[in-house]
Structures are given as structure tokens and as C-alpha cells.
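Presented below is the structure to which this report refers.
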Amino acid sequence: MTSHAIVGVALAFTKGELPPDAIDGTIVGLLCMTGIGASDAVELTARPRPELGPETATSKGAIL
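Start counting at 1 in the sequence shown, then tack on 92, and there's your number in our numbering.
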């Protein structure tokens, strides 16, 4: 179930269906689904994250 939630959230984010200001709360929810306590999930989510590079697509539209 958790893996389906992770994939669904990833798809929603990459399609622009998940606003950037909802990311932290969504990550906390996903971490809690894995058994991490809420306070630990909030602490992990608050840690600095590296910047992600732009998506790379092939001519067929698949994301690499």
C-alpha cells in the first residue's frame, strides 16, 4: 500500500498536480505510513534536501 502511495505522490508532483507547499506534509504522511512516528517524520522532513536537476525526457516522452 505504501509503495502505491509513493508512486501516486511522485506522479502527482511531476504532473504539477501537487503544489510545492504541500510537499512537506505529504512527505510526513508517507513516512508515517512506513511506521516512523509523526515527530520523527516532521524532523526528517525539516532536514535540508539537495536541489534536484531538471527532468530528462527521450524523444518518446519517457522520463529517464
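We put the beta carbon where it would ideally sit given N, CA and C, even for glycine.
C-beta atoms of T94 and M125 nearer than 8 Å
As a working mapping, residue 94 is identified with position 2 in the sequence shown. As a working mapping, residue 125 is identified with position 33 in the sequence shown. Contact: yes.
Just confirm the distance between the C-beta atoms of A114 and L123, as a whole number of angstroms; I'd bet it's less than 8 Å.
The residue given as residue 114 occupies position 22 in the sequence shown. The residue given as residue 123 occupies position 31 in the sequence shown. Their Cβ separation, rounded to whole angstroms, is 15 Å, which puts A114 and L123 out of contact at 8 Å.
Under three-state DSSP, which class holds P112?
On the sequence shown, position 20 is the one that residue 112 refers to. Under the three-state reduction of DSSP output, P112 falls in the helix class.
Sorted by chain position, which residues of the same chain lie with C-beta nearer than 8 Å to A130's C-beta, five sequence neighbours on each side aside?
For the purposes of this step, residue 130 is identified with residue 38 of the sequence shown, where counting begins at 1. Around A130: V120 and C124.
Same chain, Cβ closer than 6 Å to A104, neighbours up to 5 away in sequence not counted:
Numbered from its first residue, the sequence shown carries residue 104 at position 12. Excluding positions up to five away in sequence, the list reads L110.
Can you give me the Cβ contacts of A138 inside the same chain, cut-off strictly under 6 Å, excluding the 5 residues immediately before and after it?
Mapped onto the sequence shown, residue 138 falls at position 46. Within the same chain, no Cβ atom closer than 6 Å to the Cβ of A138 is found once the five residues on either side in sequence are excluded.
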